[in-house]
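This report refers to the structure that appears directly beneath it.
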Amino acid sequence: SSYLEVNAAPKIIETVMGGNARLIYTHANILPDSPLHKPAWVIPFDPEKAKQYLKEAGYPTGFSVTFWRAPNVPIWEPEIGDAVAEMWRKNLGLNVTVESTVYAARRPTTVDNTIDIPFIHGINYYSPIEDVVAFIGASGGHHGGIEVEDPIFEIGSRNATETDLKKREQNTVAVQDYVSYWMLNSPVLQTGVFFVYRSEVLEWRP
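Start counting at 1 in the sequence shown, then tack on 1150, and there's your number in the working numbering.
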């Protein structure tokens, strides 16, 4: 497909999502046109640089990796995960196996910290001033398979009680700086959400 030949996320938005999504580079739901957004958070599409990093890390010919995406969560769009996996194969020479396990069966491993493979997930932050560390912190319950250091978790957790907007923004930016620096996740896009109401429709999975 043509989307494998040019920049990753914009082509995934164009092809997989039919244009119904927006580019995003942050865990904290700060869009590129936000005054809070920083150029340092932008993740360029640079396969050659990525290959250089692989070589420096001791993997000049790539490696094998299993990648999970749930087949039964439409709002995450499983085809996004498939596209990412194919780009890893084509652009980086990785031997990628896509694990297609339903969400309910995989979720327990994100609760007990036993998940040990990359995966695609969605986060429903409505604004960049929420408590954005619960999903990536050493807290109880479901999380994203990574845990930020305690000082960063403490900063992000302040937004659960902080009432000053500017301070909430500063806390979120501090968390995002950390996540971006260590590349703890690689955001792809922000999807749109559609609501359809008809009493006779019990389920709709377009």
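All C-beta atoms, glycine included, are put in the ideal place defined by N, C-alpha and C.
Nearest to Arg-1318 by alpha-carbon distance, out of Pro-1197, Gly-1169, Glu-1304, is Glu-1304. For the pair of segments examined, the segment 1308 to 1326 was found not to touch the segment 1253 to 1269: the number of CB pairs separated by less than 8 Å stays below three. With a cutoff of 8 Å on beta-carbon distance, Ile-1225 and Gly-1272 are scored as near each other.
The criterion of a C-beta distance shorter than 8 Å is satisfied by Leu-1244 and Val-1215. Judged by beta-carbon spacing, Gly-1231 lies beyond the 8 Å limit of Ile-1279, meaning their Cβ atoms are not closer than that value. Listed in chain order, the non-local C-beta contacts of Val-1246 below 7 Å within the same chain comprise Val-1215, Phe-1217, Ala-1235, Trp-1238, Arg-1239, local neighbours out to five positions each way being set aside. Look at Thr-1341 here: in three-state DSSP terms it is strand. Gly-1287 counts as buried, since no fewer than 16 other beta carbons sit within 10 angstroms of its beta carbon. Excluding the 5 residues flanking it on each side, His-1187 has same chain C-beta neighbours closer than 6 Å at Ile-1180, in chain order. Annotated as distal: Ile-1302 and Val-1323, with beta-carbon spacing of 8 Å or more. Here Thr-1165 carries a helix assignment [DSSP, helix/strand/coil]. In this structure, Leu-1242 lies away from Ala-1284, with their beta-carbon atoms at least 8 Å apart. Going by DSSP, Phe-1195 is part of no alpha helix (DSSP H) at all; its letter is neither H nor E.
In this structure, the straight-line span from the alpha carbon of Asp-1281 to that of Asn-1274 is close to 12 Å.
Linking Thr-1211 to Leu-1204 through their CA atoms gives a straight-line distance of about 8 Å.
Restricting attention to beta strand (DSSP E) runs no shorter than 3 residues, the segment 1196 to 1282 encloses them at 1214 to 1218, 1245 to 1249, ordered along the chain.
A straight-line Cα-Cα distance of about 17 Å links Pro-1194 and Gln-1340. In this structure, the straight-line span from the alpha carbon of Glu-1227 to that of Leu-1173 is close to 15 Å.
Annotated three-state conformation of Leu-1173 is strand, per DSSP.
Taking all protein chains in view, the Cβ of Arg-1219 is crowded by 16 or more other Cβ atoms within 10 Å, so the residue is classified as buried.
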